[in-house]
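Quick mapping for you: the protein sequence lines, in order, are chains A and B.
Residues in the first sequence are numbered from 0 upward in steps of one, following numbering that gives the first Met the number 0.
Residues in the second sequence are numbered from 0 upward in steps of one, following numbering that gives the first Met the number 0.
Backbone N, C-alpha and C define an ideal beta-carbon position, used for all residues, glycine too.
None of these values were measured; they are calculated from a predicted model.
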Amino acid sequence: MSQFENAILVFLVLTGFMLLASSRLVACIRAVAIQGILLGLLAIAAQDGKLSIVGVLLPLTSAAVKGFLLPWLLIRAMRDADTVREIEPLIGYNLSVIIGAIALGVSLWLGERLPLPKQPASFLLVPAAFFTCLVGLVLLVTRSKAITQVLGYLTLENGVYAFGAAVALDMPILVELGILLDVFVGVFVMGIAIFHISRQFDHIDTDRPVTLSDRVR
Amino acid sequence: MIVLLVLIPALAGAVAFFIGSDPLRRGLLVSSAVVQFALSVVTWMVPPAPALGGWLAEDALGRLFLTLTSLLFLASSFYAVAYLREERDQSHSDVEEGFLFSNAREASFTGCLLLFLAAMTLVTLSQHLALLWVAVEATTLASAPLIYFHRHHRSLEATWKYLLICSVGIALALLGIFFLAVASSSPGTAAVSLVLKDLLSEAPHLNPLWLKAAFVLMLVGYGTKMGLAPFHTWLPDAHSEAPSVASALLSGALLNCAFLGILRIHQICLASGLADFSERLLLVLGLLSMAVAAVFITGQTDYKRMLAYSSVEHMGILAVGVGLGGAGMFGAMLHVINHSLTKVMLFMVAGNLLAVYHTKTTKNVTGALQVLPVSGLLWVLGFLAITGSPPFGPFLSEFTILKAALDQSRFFVAIAYLVLLAIILAGMATPVLGMAQGTPDKDVVVPAGRSVALTAVPATLGGAILLMGIYVPAFLTRTIQEAARLLGQR
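This is how it looks when you write it as structure tokens:
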């Protein structure tokens with residue numbers, strides 16, 4: 000089982016780099032969708048063969064929501080907003096990837112520093128989860144479009160979920176569903192907001208509406 | 000009964016989306032607020048049984064926050080009805096840039112208000128930390144449409160910032176919860192559930208390294224939502240762009256709920272002997288928030304933003320109080336009540352000023368005492384109260400926190416606290432007094448037939464603040480003491 004988990008985690012890291020390096024919005028949305036599906040698999044794999052119906056259904060639901068429903072919503076939002084399909088980052092792609100490499104190093108170091116009390120199935124787990132969180136934060140900070148910020152948020156959430164899924168917490172179903180619902184509604188509301196932003200400003204670049212700010216006088 | 004407290008506003012909110020008739024929907028808003036408040040008062044006399052296997056229960060801390068939230072919502076619902084009546088016409092011209100905009104549907108606004116109340120109630124009653132997280136995130140989602148009530152680009156920008164910054168913050172808090180779960184699972188023992196009671200009894204055996212990491216993440220996450228500097232950046236925008244009744248609820252009720260999230264993890268840190276660590280962090284963030292607020296209040300030209308920064312300041316004061324521990328904890332709990340009452344009143348008065356003067360710029364408002372005698376007077380009194388002048392409630396609680404600092408001979412904290420309070424007092428005095436005094440412009444006219452509720456509600460709150468400064472009822476003191484005891488005060 001551990002082989003399988005390792006493979007998933009490696010793929011997770013690769014999708015992270017894909018997000019950082021890709022210049023096309025659709026490709027980024029796809030990368031986040033793949034992450035969602037990988038996480039569903041990871042959550043099932045982490046249960047060590049003690050499969051229950053709920054234990055399979057819940058990750059499958061989450062994979063369906065994150066792998067299909069949310070990407071579909073985002074692609075629709077992108078079409079409606081009629082946005083440029085380029086990412087237009089605030090920093091170059093090369094620099095993004097270099098930051099990604101540094102983030103990977105930091106995550107590996109953190110994984111070393113914070114040993115899990117119970118030996119996890121894979122030593123890659125903590126670093127991969129941290130790395131995904133960091134990629135999400137980098138995307139949030141360095142990408143200017145509203146839709147890429149949503150992708151950043153989803154990636155961050157995926158990193159958090161990867162951690163939760165892989166340490167195989169016995170989270171009650173109600174809570175897991177609640178978390179899933181929150182993420183879903185969150186992205187849904189953000190999608191609506193993107194639609195309004197595009198109507199209001201004729202673009203969805205969040206670095207351009209700068210009316211609200213405070214300067215120290 | 001606990002389930003009812005959450006369900007009533009949730010169902011009413013869901014129904015409100017589909018009610019077309021204005022009077023019916025407004026009636027529903029007020030009546031569900033009344034019922035919910037009545038229920039929360041009943042919990043003071045008859046302690047409710049825990050529900051959902053102990054996930055929902057009411058301890059002293061929850062009771063305090065719940066009743067405060069319900070009370071503020073009740074006051075706001077009366078104000079909201081009057082406010083919505085004034086806002087009914089289809090298009091408005093923007094107060095700053097003069098373009099026309101329309102409002103969101105009133106049904107969605109009312110529905111979101113009620114859902115917001117349901118989510119906040121769930122926060123105060125959650126004993127399961129992950130459920131608490133779900134509820135806090137739900138408050139963000141329910142309140143985002145409230146900020147975007149006036150459909151124009153500034154409110155949209157504020158909504159976007161609010162949604163994104165708070166969601167990211169809250170995602171980090173979720174990571175913190177997972178860390179906490181890791182901290183509680185050690186080799187050889189069964190994993191502890193994330194119910195507060197179990198965690199507290201297991202606290203001495205928690206892995207300190209992971210617990211510390213969990214505390215930091217949850218402090219950052221809920222701190223973002225609470226408006227602690229340096230994570231406060233969404234707060235001034237959201238509070239200044241939202242309609243006044245929503246600003247009042249955001250500032251008076253929502254920030255408290257996020258604070259409760261921090262208090263829960265702090266409780267666990269205290270029980271596991273990490274008090275020094277968590278208290279020091281809270282103290283630092285608290286003083287930083289006060290300092291940031293002092294910088295931005297001084298010279299602030301927009302009076303709603305000024306109130307927003309004042310909220311950052313008071314969240315800082317709460318963090319300082321909790322960080323000091325001991326009597327500071329009692330002061331902080333008392334200050335939660337005082338700050339909320341005062342801030343809700345101030346935002347309501349600010350809404351009245353905005354409706355008459357059509358500007359949020361401080362220097363364009365003069366002679367408020369002549370134009371709106373009651374609101375003008377409340378504005379000045381509210382300013383005195385919020386800056387901690389006797390005989391109002393906030394003076395008492397701020398003084399208690401100061402006394403705690405002096406008793407523990409933390410003179411640096413005490414001096415920094417006093418200096419920052421003084422700067423903020425001076426920074427707010429000039430604009431507020433300038434707005435109240437002087438002669439009003441000729442073209443400022445008070446629209447005829449404004450509802451009495453628009454002044455009666457803040458005036459009642461003003462009375463409560465005065466009362467809290469002179470006499471804190473015994474039952475309240477008892478509950479605050481009980482709450483402070485939960486947080487380690489012996």
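Residue i - partner residues in DSSP beta bridges
i, result
"Glu-85 (chain A)", "A:Arg-23"
"Val-194 (chain B)", "B:His-127"
"Leu-55 (chain B)", "B:Ala-50 and B:Ser-125"
"His-149 (chain B)", "B:Asn-102"
"Ser-92 (chain B)", "B:Leu-99"
Segment limits, beta strand (DSSP E) that includes residue i
i, result
"Leu-490 (chain B)", "Coverage of chain B is limited to positions 0 through 489, which leaves residue 490 (chain B) absent and any answer about it impossible."
For residue j and residue i, the rounded distance between their alpha carbons
i, j, result
"Ile-7 (chain B)", "Gly-222 (chain B)", "29 Å"
"Leu-405 (chain B)", "Ser-388 (chain B)", "19 Å"
"Phe-64 (chain B)", "Arg-23 (chain A)", "47 Å"
"Ser-69 (chain B)", "Val-122 (chain B)", "12 Å"
"Val-215 (chain A)", "Val-311 (chain B)", "Model confidence at Val-215 (chain A) stands at a pLDDT of 47, short of 50, so the residue's coordinates are unreliable; what they give is reported in the following sentence. Cα to Cα, Val-215 (chain A) sits roughly 16 Å from Val-311 (chain B)."
"Leu-163 (chain B)", "Ala-473 (chain B)", "42 Å"
"Arg-489 (chain B)", "Arg-142 (chain A)", "Any reading at Arg-489 (chain B) must be qualified, since the residue scores a pLDDT of 46, below 50, and its modelled position is unreliable; no value is offered."
"Asp-181 (chain A)", "Leu-195 (chain B)", "22 Å"
"Thr-360 (chain B)", "Arg-304 (chain B)", "10 Å"
"Ala-463 (chain B)", "Val-319 (chain B)", "25 Å"
"Ser-277 (chain B)", "Leu-269 (chain B)", "8 Å"
"Leu-287 (chain B)", "Asn-5 (chain A)", "43 Å"
"Val-166 (chain A)", "Gln-34 (chain A)", "17 Å"
"Leu-333 (chain B)", "Leu-193 (chain B)", "28 Å"
"Lys-441 (chain B)", "Leu-377 (chain B)", "23 Å"
"Pro-393 (chain B)", "Leu-368 (chain B)", "23 Å"
"Ile-7 (chain A)", "Leu-41 (chain A)", "7 Å"
"Ala-413 (chain B)", "Gly-285 (chain B)", "12 Å"
"Ser-142 (chain B)", "His-338 (chain B)", "20 Å"
"Thr-232 (chain B)", "Cys-165 (chain B)", "10 Å"
"Gly-260 (chain B)", "Lys-144 (chain A)", "31 Å"
"Ala-100 (chain A)", "Phe-129 (chain A)", "13 Å"
"Gly-330 (chain B)", "Gly-322 (chain B)", "11 Å"
"Ile-74 (chain A)", "Ala-26 (chain A)", "11 Å"
"Ala-11 (chain B)", "Leu-28 (chain B)", "8 Å"
"Ile-178 (chain A)", "Val-133 (chain B)", "6 Å"
Any non-hydrogen atom of the ligand HEM within 7 Å of residue i CB
i, result
"Val-343 (chain B)", "Of the ligands one can find in the structure shown there are none, so the ligand HEM has no counterpart to examine."
Option nearest residue i by Cα separation, candidates the options
i, options, result
"Leu-218 (chain B)", "B:Thr-139, B:Gly-168, B:Leu-377 and B:Leu-55", "B:Gly-168"
"Ile-176 (chain B)", "B:Ala-59, B:Leu-210 and B:Cys-165", "B:Leu-210"
"Ala-56 (chain B)", "B:Asp-93, B:Pro-203 and B:Leu-131", "B:Leu-131"
"Ser-197 (chain A)", "B:Ala-421, B:Thr-138, B:Leu-155 and B:Ala-103", "B:Leu-155"
"Asn-102 (chain B)", "B:His-357, B:Pro-242 and B:Leu-306", "B:Pro-242"
"His-152 (chain B)", "B:Leu-208, B:Phe-98 and B:Ala-331", "B:Phe-98"
"Ile-479 (chain B)", "B:Tyr-356, B:Gly-325 and B:Ala-421", "B:Gly-325"
"Glu-397 (chain B)", "B:Leu-377, B:Leu-380, B:Leu-376 and B:Leu-419", "B:Leu-419"
"Leu-251 (chain A)", "B:Ala-13, B:Leu-73 and B:Ala-182", "What is shown of chain A runs 0 to 216, which leaves residue 251 (chain A) out entirely."
"Ala-252 (chain B)", "B:Phe-382, B:Gly-426, B:Thr-341 and B:Ala-413", "B:Thr-341"
"Ser-107 (chain B)", "B:Arg-24, B:Val-133, B:Lys-160 and B:Leu-3", "B:Arg-24"
"Val-343 (chain B)", "B:Ala-274, B:Leu-317 and B:Ala-245", "B:Ala-245"
"Pro-126 (chain A)", "A:Ile-43, A:Val-159, A:Ser-95 and A:Leu-69", "A:Val-159"
"His-497 (chain B)", "B:Lys-224, B:Val-291, B:Gln-299 and B:Phe-214", "Outside the displayed range of chain B (0 to 489) lies residue 497 (chain B), so it cannot be described from this structure."
"Leu-475 (chain B)", "B:Gly-461, B:Pro-22 and B:Met-44", "B:Met-44"
"Val-456 (chain B)", "B:Leu-248, B:Tyr-78 and B:Arg-104", "B:Tyr-78"
Span of the alpha helix (DSSP H) around residue i
i, result
"Asp-79 (chain A)", "69-80"
"Leu-103 (chain A)", "92-112"
"Phe-214 (chain B)", "207-225"
"Gly-54 (chain A)", "52-63"
"Leu-486 (chain B)", "Per DSSP, Leu-486 (chain B) belongs to no alpha helix (DSSP H) and is neither H nor E."
"Gln-436 (chain B)", "Where Gln-436 (chain B) is concerned, there is no enclosing alpha helix (DSSP H), given that its DSSP letter is neither H nor E."
"Arg-24 (chain B)", "21-44"
"Pro-446 (chain B)", "Looking at the DSSP string, Pro-446 (chain B) is not in any alpha helix (DSSP H), and its letter there is neither H nor E."
"Met-467 (chain B)", "452-469"
"Ile-18 (chain B)", "Premise fails: Ile-18 (chain B) is in no alpha helix (DSSP H) and is neither H nor E."
### Query
Which parts of the stretch 345-431 of chain B are runs of the alpha helix (DSSP H), unbroken and 4 residues or longer, counting only runs that do not cross its ends?
As far as the stretch 345-431 of chain B is concerned, its whole alpha helix (DSSP H) runs of at least 4 residues are 367-370, 372-385 and 392-406.
### Task
Starting from the N-terminal side, write out each stretch of the alpha helix (DSSP H) that is 4 residues or longer and does not extend beyond the stretch 230-313 of chain B.
Given a length threshold of 4 residues, each whole run of the alpha helix (DSSP H) inside the stretch 230-313 of chain B is given here in chain order: 233-240, 243-248, 254-270 and 274-296.
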